[in-house]
Every structure is written in structure tokens, then in C-alpha cells.
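Report on the following structure.
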Amino acid sequence: MRRVTDAAPLPDDLVHAFRRDGVVVLRDLLTPEEVATLAAGVERNLASLSELGMNATGPDRPGAFVEDFRNWTRIPEYERVVRGSALARAGAQLMGSRTARIFHDHLLVKEPGTLDPSPWHQDQPYYCIDGTQTVSFWIPLDPVTRENTLEFVAGSHADGRWFMPRSFVRKTPMVFEEGALDEVPDVEADRDAHPIVGWAMEPGDAVAFNMLTLHAAGGSPTRRRAFSLRLTGDDVTYAPRPHRTSPPFPELAATDGSGLAAGAPLAHPLFPVLWPTGHVDA
């Protein structure tokens, strides 16, 4: 499945699977050149983390899980792929949206010997957005085995439930007050009771998933570099939260006319429309 930005849209059965299961794998979505460009961007990013960068590994734990956010405009390699690859058109088709707007990028690097897992969670409860037309792309830049891949509970987005976002390390509540949302189900306690899916992947492949789809990942015996791109569609709106979101967007709370009102579409310079190309917000 190559170059969906050129002339070949995604097959209907793949789009149907995304909407039913909340997750699909897209083989060879990025070209080798785009993978190499992203890899160069990751190294640039690791050498100069932003103020949002962090090591999400527990204290005194082996390895390192390095995360960083909102770098696509300062890392030129990221911007070339974000704007020039097949990702945005594929995202718009999966979401069933006229447009695909960038929300943010996310660097995730697990260095060799990182034992700490990424626990089961949804993405959207960490964010300052409401709406259903969402897609996250997880793009590994190293080969990933089935045992070392991102896993998902198929269909877990379908009922629209939101689960409590918590810090991966401290397990403290984030974004919402304690008790405001149900806790994430204990998937690991009875894996056979859940339709868990995941795929071995090669560089160039991408997993696309709804921001309410439950997902998790284990530790990594080898280096695992991944770049994630979060896109939103036409029905997504700004939703201020009680506490700091991950990542935070303090610019949106500005009262000088440059921010957004609660419930407003994400028509803001931070979130340009990537597809269709050339789109300008009115």
C-alpha cells in the first residue's frame, strides 16, 4: 500500500476495519527516504530535547524511555514528513473527515534493556480536545517483533467511554480530578477476555488507531525508535481541562484574541490542516 497521496486511496475494507476495531496496520505507508528522514529527525530531537522532553522510566530502573512532544515545527526532518508524506490523506480517509489537521507529534524511544512497560491507556483523555474524528499514527523506525510491538484492544473505542489518565511512572491522576472517570480495565489480569491485536512491523509500516482505543507496550530488549503523529478531523473541538494536559497547549487559553474558546474548532496556527494540501482556515 504505497503513496496514497498520489492516486490510490486506502481500500474500503481497511477503512471499515479501522472504524470497527479502532486500529489497523498500514504496510509501507512511508517510503524508505521518508523513514530515513524521520530517523535523522529523531537523532536531532534526542540531541536537543524540548522543555517537554522527559525520561518516563521509573527511578533506578534499567534503560530509558525518552518522550518528547510538539517538535514538528523546529525539527525540519519531522516537518518534511508531516507535510509531504501519505499520512495526512490516509488519516482523513480513516476518520471519514474532509480535512486532516495536525494536533501534535510525539517522540517515543525505548533504549536497549528498558523493562518498564507502557501501561494500558487511551490517548484522548490526556488531551484538550473533544470529538470522534481522531487518528494516531505509531511509526516504528526499527523492526518490531510481535512480542515487542504496540498492542490494542480491538473495538475498545466503540462505546465512547473515557478512562482515567494517569502518570505512567507515579500512577497519579492527570488532567481530571481523581474519580472523575472510570479506571482503565485490568487487561493484563485476563488477556484472553479481550480481543488483543498487534503486529510485527518493519520501518515504513504504521499503525493507525482511534484516540480512544486502549493500547499498551512492553519493555524493549533492543532499541525501539518510534515517531507518532496525532491528527484530528472536522468534528474535533477545543476542550479546556481542569489540570495540565499532556502535552500542554497554554497558548490556547490566551485571552488576547489569539486563543480558542471552549467548544471552538481547532482552527488555530498551532494546528494547520495538512490535507487537503493548500487548505487555509477561513
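Residue numbering for the sequence shown follows the working numbering, starting at 11 and increasing by one per position. We put the CB at the ideal spot given by N, CA and C, even for glycine.
Can you check which of these residues, Glu44, Ala49, Thr67, Glu53, is closest to Ser177 by C-alpha distance?
Thr67
Round the Cβ separation of Ala277 and Asp291 to the nearest angstrom and send it over; I've been treating them as touching at under 8 Å.
4 Å
Pro129: first and last residue of the uninterrupted alpha helix (DSSP H) it sits in
Not the alpha helix (DSSP H): Pro129 falls in the beta strand (DSSP E), residues 128–131.
Which same chain residues, not among the five before or five after Gln103, have their C-beta less than 8 Å away from its C-beta?
Val14, Pro19, Leu20, Val25
Provide the residue(s) that pair with Ala205 in DSSP beta bridges, ordered along the chain.
It should be pointed out that residue 205 corresponds to Pro in this sequence rather than to Ala. According to DSSP, which records beta bridges pairwise, Pro205 is partnered with nothing at all.
Inter-stretch contact (C-beta, 8 Å, three-pair minimum) for the stretch 78–91 and the stretch 109–126:
yes
Is it the case that the Cβ atoms of Val293 and Gly106 are separated by a distance below 8 Å?
Any question about residue 293 goes unanswered here, given that the chain covers just 11 to 292.
Contacting residues, own chain, Cβ-Cβ under 7 Å from Val34 (five flanking each side not counted)
Leu24, Ala27, Phe28, Ala218
Taking the straight line between their C-alpha atoms, what separation do you get for Arg156 and Trp209?
5 Å
Under 6 Å Cβ to Cβ from Trp172, same chain only, skipping five residues before and after it: list those, please.
Pro135, Leu191
Considering only the alpha carbon of each residue, which of Thr109, Asn65, Ala57, Glu44 lies closest to Val283?
Thr109
Burial state of Pro175 (16 or more Cβ within 10 Å):
buried
Could you have a look at Arg176 and say whether DSSP puts it in helix, strand or coil?
strand
Determine contact between the stretch 236–253 and the stretch 142–155, defined as no fewer than three beta-carbon pairs at a distance below 8 Å.
yes
Segments assigned alpha helix (DSSP H), at least 4 residues, entirely inside the stretch 90–175
97–105
Can you give me the Cβ contacts of Ala263 inside the same chain, cut-off strictly under 8 Å, excluding the 5 residues immediately before and after it?
Pro250, Gly269
Quick one: residues in its chain with C-beta nearer than 6 Å to the C-beta of Ala17, no 5 flanking neighbours on either side, listed in chain order?
Confidence at Ala17 is low in this model, with a pLDDT of 49, below 50, so its placement is unreliable and the value that follows should be read with caution. Contacts found: none.
For Arg12, I'd like the list of residues in its chain whose CB is within less than 7 Å of its CB, leaving aside the five on either flank, ordered along the chain.
Low confidence applies here, because Arg12 scores a pLDDT of 40, under 50, leaving its location unreliable; read the following figure in that light. Cβ within range, chain order: Asp38.
Would Gly165 and Asp22 be called neighbours here (beta carbons separated by less than 8 Å)?
no
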